[in-house]
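>
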Amino acid sequence: MHDWPRQGAVYVFECGSAAVTCRQDMFFADLIADRLLITVTAAGASRDTEIAMVTYTSHRPNGPNCAPDCRTAIVNADVPG
822 MHDWPRQGAV
832 YVFECGSAAV
842 TCRQDMFFAD
852 LIADRLLITV
862 TAAGASRDTE
872 IAMVTYTSHR
882 PNGPNCAPDC
892 RTAIVNADVP
902 G
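For the record, in the sequence shown the residue sitting at position 19 is 840 according to our numbering, with numbers rising by one throughout.
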């Protein structure tokens, strides 16, 4: 792991009392970053997952010649065991 400073925007989703209650898909609107450090906390334990390079895809939900041009990325983070 890199020793990244913990600064900037913080996005939080709490899984609840057990890791099995944690939803698989989280959506964070307006989160655009080149790299991420994700901390998943569940049942009193936590685990960090480093995403060194986030890869985005662009798409136009209203058709190829219509705004908006949307960027999305999918990343995976480990749940504490």
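Here a beta-carbon is modelled for each residue, glycine too, at the ideal position from N, C-alpha and C.
#1: So, with DSSP's three-state summary, where would you put V896?
#2: Could you tell me the distance, in whole angstroms, from the CA atom of D890 to the CA atom of V896?
#3: Does A866 pass the burial test, meaning 16 or more other C-beta atoms within 10 Å, or should it be called exposed?
#4: To which residues does DSSP link T860 through a beta bridge?
#5: Quick check: the Cα distance between T893 and Y877, rounded to an integer number of angstroms?
Let me spell this out:
#1: In the sequence shown, the residue the question calls residue 896 occupies position 75. V896 falls in the coil class under three-state DSSP.
#2: Numbered from 1 along the sequence shown, position 69 holds the residue referred to as residue 890. Numbered from 1 along the sequence shown, position 75 holds the residue referred to as residue 896. Each residue's alpha carbon lies about 20 Å from the other.
#3: Within the sequence shown, residue 866 is the residue found at index 45, counting from 1. By the 10 Å Cβ count, A866 comes out exposed.
#4: Locating residue 860 in the sequence shown gives position 39, counting from the first residue. For T860, the pairing in a beta bridge is given by DSSP as D869.
#5: On the sequence shown, position 72 is the one that residue 893 refers to. On the sequence shown, position 56 is the one that residue 877 refers to. Answer to the nearest angstrom: the Cα atoms are 5 Å apart.
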